[in-house]
Each structure stands twice: as C-alpha cells, then as structure tokens.
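In order, the protein sequence lines correspond to chains A and B.
Per the numbering used here, the very first residue in the first sequence carries number 9; after that it's consecutive.
Per the numbering used here, the very first residue in the second sequence carries number 9; after that it's consecutive.
Number of protein chains: 2
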Amino acid sequence: MPQDLESLVTAIAERARSASLALAVAPAAARAAAIMQIADRIERSHGALMAANQRDVAAGAALTAAERDRLTLNPERLRHLAESVRQVAALPDPLGEVLEESTRPNGLRIRKVRVPIGVIGVIFEARPNVTVDCAVLCLKSGNAAILRGGSEIFETNAALAALISESLAAAGLPRDSVQLIPTRERAALEVLLRLDSHVHCIIPRGGEGLIRFVTENSTIPVIKHYTGVCFVYLDRAADPAMAESIAVNAKVQRPGVCNAAEQLLVHADAAGALLPRVGASLAAKGVRLRCDAASAAILAKAGVAHEAAEQADFRAEFLDLVMAVRVVGSLDEAVATINRDGSAHSDAIVTADGDAAARFLAAVDSAAVFWNASTRFNDGYEFGFGAEIGISTDRLHARGPMGVRELCSYKWLVTGTGQVR
Amino acid sequence: MPQDLESLVTAIAERARSASLALAVAPAAARAAAIMQIADRIERSHGALMAANQRDVAAGAALTAAERDRLTLNPERLRHLAESVRQVAALPDPLGEVLEESTRPNGLRIRKVRVPIGVIGVIFEARPNVTVDCAVLCLKSGNAAILRGGSEIFETNAALAALISESLAAAGLPRDSVQLIPTRERAALEVLLRLDSHVHCIIPRGGEGLIRFVTENSTIPVIKHYTGVCFVYLDRAADPAMAESIAVNAKVQRPGVCNAAEQLLVHADAAGALLPRVGASLAAKGVRLRCDAASAAILAKAGVAHEAAEQADFRAEFLDLVMAVRVVGSLDEAVATINRDGSAHSDAIVTADGDAAARFLAAVDSAAVFWNASTRFNDGYEFGFGAEIGISTDRLHARGPMGVRELCSYKWLVTGTGQVR
C-alpha cells in the first residue's frame with residue numbers, strides 16, 4: 009500500500025466526516041438548494057460534461073457496445089438527469105421526523121428522531137447517472153458522500169464532481185459534502201473500506217463480483233444490492249388471464265433487472281389448464297422455457313416450444329429471456345421451493361383464494377411478496393419513495409427499496425428535570 | 009481448517025435456517041410458551057446446572073476472581089435468571105405489526121410488516137445469563153439463534169442448551185431454533201462468520217478485541233456493541249445542584265459500563281462557580297479527576313484533589329473511578345469536542361437554557377443525547393423496551409438500546425388485482 013494513497017483517502021474521509029457534522033444541522037432548504045444547483049449546472053455545463061465524457065468513451069476501446077452505451081452522455085440524457093435531480097430536491101425532507109415518543113414513569117421524555125447516517129461511501133461502476141443519483145440522494149438525507157466510480161468513467165466523474173462541488177459552495181454547504189476519490193488505483197478502494205472510524209456505511213452498486221469484494225474487505229457496514237432469483241407461483245385458484253399477464257410482465261417487461269422473474273411454479277391441479285396458455289404467451293415473447301418433466305409433458309402436448317431444464321436452472325438468475333418452469337404439488341411445496349431456491353428478493357402468487365394468498369404472504373421469506381401483482385413492482389418509485397438508491401437484499405437496516413429515508417439513521421433525544429439512576 | 013469442523017458448523021447453520029422459517033410462521037403463543045418452559049426448567053434443573061457450572065469453575069484455575077465470579081451460578085442467580093426470562097415471555101409480541109401502509113395510484117396496497125431477521129449468530133464471553141438472554145430474545149423475535157460462548161463456560165452452556173432444546177420441543181417448536189456450537193475450537197467461529205448464505209446477522213457481545221475480530225472476519229452483517237466515551241457538559245446556565253447530581257451519577261453509579269461518563273466539560277463562564285462543588289463531590293466518591301490547566305487551577309484554588317491530565321485522557325474510556333475534566337469556551341466548543349473526542353454513545357448537557365439545550369441535542373452526533381438527565385439512562389430497560397440484547401454503537405439498523413423489536417427486520421406485502429408494469 010503506497011503511503012501517499014493511504015493519506016489521500018484518509019484525508020478525504022476525515023473531511024467527509026467533518027462535512028457530515030455540518031450537513032446534519034444544515035437547514036433542509038440549503039440541502040434542497042444545493043440539489044437544485046446541481047440540476048441547473050448539469051444543464052448549463054453540457055459542453056464541459058460532454059467533452060469529458062468523450063475522453064472516457066475514446067479511451068474505452070475495449071468496452072462492449074452495451075457498456076459504451078451506458079457510459080455515454082448525450083443532451084437528452086443530461087436533460088433527463090437534471091429532471092431526476094429536481095425530483096429529488098422536491099421530495100419531503102426526511103430529517104428531524106419524530107419516529108417514536110414516550111414519557112417514562114420517572115418523567116423522562118424520550119424521542120426517537122430521524123437523522124443522517126453520517127458518511128456514506130458509494131462504490132459503483134460506469135454509469136454517469138449513478139454518480140449524480142448517489143450524490144443527491146446522500147445530500148437529501150443529510151449524509152456526506154464519498155464516491156468511488158469505475159475507471160472507465162473517470163473523466164466524466166471528475167467533471168461531475170467539480171460541478172457538484174460548485175453547487176454545494178453556492179448553497180453555502182461544505183464542498184467536502186460530496187467527494188470523489190481522484191485516482192484510478194484499486195488500492196484506494198481497499199483503504200476506504202477499512203476507514204471505519206470515519207465512514208459509517210458502504211453501498212456497492214454493481215455486479216455480484218464488486219459486491220462480494222466489498223463485503224469481504226470492508227470493516228464498515230455494507231448494504232448489499234444483489235440481483236434476484238424471483239418466482240411467480242400460479243396457484244390452483246389462479247385466474248388464467250391474470251396468470252398469463254403477470255407471468256409475462258414479470259419475465260419480459262425488463263428481463264435484465266433484479267425484480268424480473270426467473271422461474272414459474274404451477275400448482276399440479278391447475279397446470280393442465282394454465283400452462284399451455286401461459287407458456288404459449290411467454291414463448292410468443294421469445295422466452296425460452298426450461299422445464300421439469302411434468303411441465304414439459306404438458307407443454308409438449310399443447311405444442312408449446314420448450315427445453316429440458318438442468319438442475320442448475322432451478323436456482324439460476326438468467327437476466328435474459330429464459331425462464332425455468334416447474335410443477336409443484338401444493339402451496340406448501342411452492343413456498344418451500346421459493347424459500348430454498350430463490351434469493352428472497354421478490355416473489356408473487358397469482359390466486360383468487362384469499363386464504364392461500366395469506367399463507368403465501370406470511371411464509372415466503374422475501375423482501376417483497378406479491379399477491380396478484382407483478383414482481384416488477386419491487387421498486388422505490390413504484391412504492392412511492394420518489395427516488396431510490398437501490399433495492400437492498402440485506403435484512404438489517406433496509407430491506408427492499410431504499411429511498412432517502414432508508415439512507416437515514418436515528419438518534420434518541422432524552423429530556424429530563426435532573427433525573428439520575 | 010479441518011474439514012469436519014467446516015461441515016459441523018455448516019450443518020448447524022443449515023438447520024438453523026430451516027428452523028427460522030418454521031419460527032417465522034409459528035404462533036406468538038408457541039414462542040412465549042417455549043420461553044416460559046425455559047424459565048421453568050432453569051428452576052427445576054438447579055442441580056444439573058450447578059454441577060455443570062462447577063466443572064467450569066474448577067477448570068478455570070487461571071481466571072481472576074472477578075471472572076470466576078461472573079461465570080459462577082448459584083441458586084439466587086438462577087432464580088433471577090428465570091425471572092428475567094419470564095419477563096421476556098410477557099413482552100408484547102413484536103412480529104406482524106404493520107409499520108407502514110399505503111395504497112398506490114394504480115390500486116396496489118403496500119404494507120410494511122415486521123418479521124424476524126432470520127438466523128442470528130451471537131458470539132459472547134463467559135456469562136451464563138448472556139447465553140439465556142440471547143436465546144430468549146431471539147426466540148421472542150422469531151429468530152433462530154446460533155450461540156457461540158466462551159470456552160470458560162463450555163459445560164454450563166451445554167447444560168443450558170440441552171434445557172433450551174427440551175423447552176422448544178415441549179412447546180412444539182424446532183429444537184434447532186437455538187443451537188450451541190459444541191466445540192471449543194476457535195476455527196469454528198471463523199467458519200460461522202463466513203456462512204452468509206445461511207446466517208443473516210452476527211452480534212458479538214464482549215470486549216473490544218472480540219468485536220474487532222468479528223468485524224474483520226465476518227462476511228455477515230455485524231451489529232457492534234462497543235463501549236463508550238461519554239461526556240457530561242455543564243453549560244453556563246446549569247443549575248449547580250443538578251450539575252453535581254448528574255455528573256456524580258453518570259460517573260459513579262456504575263463506572264464499568266458503557267453509558268457511564270468518562271469526561272466532564274464545563275463552560276468557562278460557570279467553571280468558577282460549578283467546578284469546586286461538582287469536583288469536591290466527585291472526589292468525595294473516590295473519583296480521580298484528570299484535569300486540563302484551566303480546571304486544575306480552579307480546583308487547586310478550591311482545595312479539591314486532582315491530577316494533571318495527559319493528552320490521551322481526553323479520549324479515554326476509563327471504565328473506572330477516573331474522570332477527565334476540561335473547561336470549554338462555548339457551547340459550540342463543547343459540541344465540537346464531544347463529536348471529535350467522544351464515541352457517539354451517550355452525552356449529556358446540564359442547563360436551564362432551552363435554546364442551548366436544543367442546539368446541543370441537534371448537534372451532538374450521538375446515539376442518545378440527554379438534557380438534564382444522566383447518561384446512565386441509555387439502556388433498554390430505562391427506555392421501556394422490557395429487555396435488551398445490548399446497546400448498538402452502529403448507525404445502521406439499530407442505534408442505542410436493542411430490544412426485541414430491534415432484533416426484527418421487515419418485509420413488504422403487496423396485494424393487487426392483476427397489476428403489471
């Protein structure tokens with residue numbers, strides 16, 4: 009570990025800690041004003057941002073087309089970005105809300121009040137909107153942010169960080185409220201992950217490899233956002249049209265995201281009636297069905313294209329137009345299958361039977377459990393949070409969509425009249 | 009790593025996961041009945057427990073007198089233990105409560121419901137009551153527990169685990185809901201800390217060394233319970249009698265615990281009036297005062313015994329009848345000092361000035377901030393939680409006292425009428 013890298017990152021964290029204390033007592037209006045400034049400057053700085061971005065694109069000769077597309081800015085994307093930043097500015101301020109209040113028999117008044125976490129480190133890959141999203145969501149929740157972006161987007165991030173710094177200063181907030189780690193060295197990340205006396209939370213946004221690396225190397229608490237192995241279960245009492253519509257939506261509306269369904273379970277009593285219709289509709293959308301023997305037999309009889317599944321398909325996250333299909337003997341078997349082979353992310357039951365739905369909702373151990381709705385609704389916008397930093401796959405602190413309130417902690421304020429123990 | 013140790017601990021975690029799914033849907037009455045059974049069996053099994061405990065005491069020749077005292081059971085301690093277990097059984101059930109509820113414009117009904125975390129690993133040192141406390145608090149909150157106690161208490165824990173297992177079976181719950189790691193091998197702990205696919209949370213209860221080891225080696229989220237460097241600040245407008253009573257209580261009522269005060273700050277304008285009285289009272293209780301130059305001068309003039317502080321004293325956790333003392337020029341200096349040199353645990357202001365108190369409560373970045381009350385009240389019982397597993401020094405998930413509700417997560421239940429995106 010080069011000594012200067014260690015000092016560089018440690019100094020950033022110390023300044024972030026100091027800024028976080030100022031941010032925690034800054035008025036909501038100042039934080040909102042800084043966020044509006046960021047939106048304005050994104051629009052005003054088109055030229056500089058696009059020039060920096062072009063340097064990244066030019067340097068990224070080894071990128072795939074999809075990767076290059078993700079990292080490329082254009083005027084329309086910048087307009088969208090500015091608009092989403094303004095939406096965060098307009099959200100209700102999360103800080104200061106009294107979450108609980110009580111008066112103890114000894115007269116002590118105890119209030120639990122929402123406050124920022126403090127300093128949040130966000131590690132992410134190459135998407136310019138993520139840089140800005142993370143900065144403004146942290147600001148809205150009163151946290152100082154340390155951003156560590158992918159090296160493919162180094163120049164763009166530097167331009168964005170400069171613009172954010174100016175916006176903070178213009179709103180009278182410390183420039184160190186949002187800092188970018190200004191080096192491509194991987195070792196800088198390892199330093200950051202061990203600065204647990206200054207940094208209170210790490211949020212890795214990226215693929216499983218990045219999250220795993222962060223989890224293994226961090227002494228700071230990490231909130232993970234793994235992708236999901238999500239199930240749709242068609243119960244004995246499922247309405248056929250609803251079964252078709254939910255299964256198709258959950259699988260095909262956006263197959264590459266974490267709340268897209270990867271597997272279809274069908275109750276044996278209804279499989280003969282439901283599977284030909286649902287399978288045909290999925291196949292018509294280009295979905296390859298990887299089937300167990302029972303579902304394959306039904307689809308074969310109905311003339312629906314399908315493949316034989318391998319064992320690994322039943323725990324797979326395809327993130328593609330591929331879906332595993334199994335027939336189960338009972339609701340309990342569906343629940344046990346989901347709890348064993350799923351990833352506890354987003355799972356749905358389609359049924360007209362309220363008792364069956366209640367048992368499913370209670371017993372499926374997932375962040376979000378749906379009855380007669382698509383798994384795709386496990387999302388901060390759809391839940392009414394206004395914005396999200398991700399969908400937590402952890403069970404501590406935040407589970408499911410994380411908006412600005414989930415970027416907060418709380419503290420206890422206790423007021424007395426001289427009480428002692 | 010011996011292969012059999014890896015298999016042993018992995019199998020325990022797999023069984024715990026399986027038990028946790030059953031516990032999550034078990035009725036509250038069954039969980040409460042299991043806890044009552046534990047209390048009954050602690051009383052009925054006096055003989056067997058004491059015999060096992062005597063084997064531990066006999067083997068612990070190298071222990072200090074205080075350590076031996078902590079690990080030794082006697083009939084009175086067993087009665088107290090059974091009583092505290094019955095109190096946990098009687099607490100309101102935390103599970104199933106709807107924490108938030110909304111209906112979205114598309115008609116989706118979204119409920120956020122409190123559920124168990126899942127599987128909790130508790131690592132602790134040598135106190136028999138901790139073994140039982142952790143087991144019953146996890147059960148009350150519907151979590152499966154994996155307990156890893158200190159080797160000094162191995163035999164006692166085995167006897168307690170057998171009794172807990174019988175209690176679970178008698179109440180119709182899986183015996184694997186509470187399991188003890190049945191080996192003294194340190195490597196078993198290292199295996200446990202990496203079983204993140206089965207275990208959802210680790211709670212280390214013990215000294216800083218243990219917590220640090222767990223944090224460094226765990227890929228499972230950890231909730232830390234570090235001890236505290238807590239401050240009492242006597243403001244310019246402090247009532248002298250209240251200042252004396254709170255400073256003395258915070259320091260001497262139980263100096264070895266995390267919420268005891270370690271440092272006294274006094275506003276310069278009031279130091280001449282307050283310090284001689286407060287200092288004399290502390291000194292009379294046997295407290296050694298480690299003073300900066302300004303406070304030393306005042307105490308010297310008043311004839312109160314004191315010592316010159318070294319720099320390290322101003323960030324020290326004495327856990328003893330020792331207190332650092334400093335004079336500060338302003339409320340802002342007091343806040344900055346606490347945020348810089350304290351541990352963000354429990355800090356108090358004594359003042360009759362409501363504006364000063366409000367500024368202090370807002371700006372001190374600690375888990376619990378007190379106005380005209382002793383820091384010693386940062387405690388689950390005092391907050392009305394009925395029981396606590398500890399006082400979290402983390403900012404994620406739970407901050408401050410952790411009762412049964414803080415041992416819970418939540419999940420989202422979404423009910424629709426066929427909605428898709």
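Note that the Cβ used here is the ideal one computed from N, Cα and C, for glycine as well.
Predicted model only: the values in this text are computed from it and were never measured.
8 Å Cβ cutoff, residue i in contact with chain E
i: Asn151 of chain A; result: No chain E is present in this structure, whose protein chains are A and B.
Start-to-end residues for the alpha helix (DSSP H) that takes in residue i
i: Gln261 of chain A; result: That residue, Gln261 of chain A, is in no alpha helix (DSSP H); it is neither H nor E in DSSP.
i: Glu216 of chain A; result: Glu216 to Asn225
i: Gln62 of chain A; result: His54 to Ala67
i: Arg94 of chain B; result: Pro83 to Ala98
i: Leu145 of chain B; result: Pro136 to Lys148
Closest Cα partner of residue i within the set the options
i: Ala332 of chain A; options: A:Thr345, A:Arg25 and A:Asp101; result: A:Thr345
i: Ala170 of chain A; options: A:Leu188, A:Gly158 and A:Gly287; result: A:Leu188
i: Ala98 of chain A; options: A:Asn114, A:Ala41, A:Pro190 and A:Asp48; result: A:Ala41
i: Asp387 of chain A; options: A:Asn137, A:Ile397 and A:Ser92; result: A:Ile397
i: Ile254 of chain B; options: B:Gly55, B:Ala153, B:Gly104 and B:Thr359; result: B:Thr359
i: Pro100 of chain B; options: B:Leu71, B:Ala308, B:Ser53 and B:Gly411; result: B:Gly411
i: Cys146 of chain B; options: B:Asp184, B:Glu109 and B:Glu252; result: B:Asp184
i: Arg298 of chain A; options: A:Phe322, A:Ala288, A:Leu283 and A:Gly426; result: A:Phe322
i: Thr80 of chain B; options: B:Asn380, B:Thr111, B:Pro136 and B:Gln261; result: B:Pro136
Listed by chain order, chain B residues near residue i by CB distance under 7 Å
i: Leu29 of chain A; result: Asn347 and Asp373
i: Cys142 of chain A; result: Simply none; closest approach about 17 Å.
i: Ser253 of chain A; result: Gly426 and Val428
Closer than 9 Å at the beta carbon, the chain A residues around residue i
i: Phe326 of chain B; result: Correct list: empty, because the minimum Cβ distance to chain A is about 19 Å.
i: Phe385 of chain B; result: Arg112, Asn114, Leu116, Ile118, Val422, Gly424, Gln427, Val428 and Arg429
Partner residues on chain A for residue i, Cβ-Cβ distance less than 8 Å
i: Glu224 of chain B; result: Thr227
i: Cys209 of chain B; result: Arg403 and Leu404
i: Tyr3 of chain B; result: Here chain B has residues from 9 to 429 only, and residue 3 of chain B is not among them.
Residue interval of the beta strand (DSSP E) (run including residue i)
i: His208 of chain A; result: No beta strand (DSSP E) holds His208 of chain A; DSSP gives it neither H nor E.
i: Ser338 of chain A; result: Element bounds for Ser338 of chain A: n/a, residue is neither H nor E.
i: Leu297 of chain A; result: Arg296 to Cys299
Proximal chain A residues relative to residue i, where beta-carbon distance stays under 7 Å
i: His405 of chain B; result: Leu404 and His405
i: Met331 of chain B; result: Residues of chain A passing the Cβ test: none, with the nearest at roughly 16 Å.
i: Ile172 of chain B; result: Per Cβ cutoff of 7 Å: no residues; Ile172 of chain B is ~23 Å from chain A at best.
i: Ser382 of chain B; result: Gln427, Val428 and Arg429
Coil, strand or helix - residue i by DSSP
i: Asp355 of chain A; result: strand
i: Lys120 of chain B; result: strand
i: Arg156 of chain B; result: strand
i: Glu75 of chain B; result: helix
i: Glu108 of chain B; result: strand
i: Glu270 of chain B; result: strand
i: Gly392 of chain A; result: coil
i: Glu14 of chain A; result: helix
i: Thr425 of chain A; result: strand
i: Ala381 of chain B; result: strand
i: Glu192 of chain A; result: Glu is not the amino acid found at residue 192 of chain A; the sequence shown has Arg there. Looking at Arg192 of chain A - three-state DSSP - the assignment turns out to be coil, as it is neither helix nor strand.
i: Arg323 of chain B; result: helix
i: Ile125 of chain B; result: coil
i: Val33 of chain A; result: helix
i: Gly362 of chain A; result: helix
i: Glu315 of chain A; result: strand
Status (buried if at least 16 other CB within 10 Å, exposed otherwise) for residue i
i: Pro83 of chain B; result: exposed
i: Val422 of chain B; result: buried
i: Gly294 of chain B; result: exposed
i: Glu224 of chain B; result: exposed
i: Asn347 of chain A; result: buried
i: Asp12 of chain B; result: exposed
i: Ala246 of chain A; result: buried
i: Gln319 of chain A; result: exposed
i: Pro229 of chain B; result: buried
i: Ser26 of chain A; result: buried
i: Lys309 of chain B; result: exposed
i: Pro35 of chain B; result: exposed
i: Pro190 of chain B; result: exposed
i: Val199 of chain A; result: buried
i: Pro113 of chain B; result: exposed
i: Tyr389 of chain A; result: exposed
Under 9 Å from the C-beta of residue i: neighbouring residues of chain B
i: Gln261 of chain A; result: Val428 and Arg429
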